[in-house]
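Shown next, in structure tokens, is the structure this report addresses.
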Amino acid sequence: MPWIDACSADDIGLEDAMPFDHDGRTFALFRNHEGEVFCTDGLCTHEAVHLADGIVEGNTIECPRHASVFDFTTGEVDSPPALEDLRTYPAEVRDGRVFVAI
Numbered sequence: 062m063p064w065i066d067a068c069s070a071d072d073i074g075l076e077d078a079m080p081f082d083h084d085g086r087t088f089a090l091f092r093n094h095e096g097e098v099f100c101t102d103g104l105c106t107h108e109a110v111h112l113a114d115g116i117v118e119g120n121t122i123e124c125p126r127h128a129s130v131f132d133f134t135t136g137e138v139d140s141p142p143a144l145e146d147l148r149t150y151p152a153e154v155r156d157g158r159v160f161v162a163i
């Protein structure tokens, strides 16, 4: 898997999310309250809504359409209506930049 330079680490605040598009696909980047960064597929598995528009709390993202909650550290669904987990991707900060392995 190649590592992709996604954005500046400063672009994502604590307990925040942002979309990241690469090679025709949409991903979501997250930063939890501890400053760790994570990456998942960018669309909810229930109805393909952009997750980066949702609410980040701790290590979870709430979908803005039907309030499905996902743990973005594992991709697991925490509450329906979504039933399918998100795919996750390794992410790390290097020299002030967020890199994602996709």
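Residues in the sequence shown are numbered from 62 upward in steps of one, following this note's numbering. For glycine and all other residues, C-beta sits at the position ideal for the given N, C-alpha and C. Computed from a predicted structure; not experimentally measured.
Query, Result
"Beta-carbon gap between ALA113 and ALA78 smaller than 7 Å", "yes"
"Contacting residues, own chain, Cβ-Cβ under 8 Å from GLU153 (five flanking each side not counted)", "VAL98, VAL159 and PHE160"
"Residues of its chain near THR87, where Cβ-Cβ distance is below 8 Å and the 5 sequence neighbours each way are ignored", "PRO80, PHE81, ASP102, GLY103, LEU104 and HIS111"
"Other residues of its chain near GLU118: CB distance less than 8 Å, five sequence neighbours each side excluded", "GLU76"
"TRP64 versus ASP72: straight-line alpha-carbon distance, rounded", "18 Å"
"Closest residue to GLY74 among ASP84, ASP132, HIS94 and GLU123 (Cα-Cα distance)", "HIS94"
"Identified DSSP bridge partners for CYS68", "VAL159"
"Where LEU112 sits in the DSSP three-state scheme", "helix"
"Proximity below 7 Å, CB of THR121 to CB of GLY136", "no"
"Beta-carbon gap between GLU108 and ILE116 smaller than 7 Å", "no"
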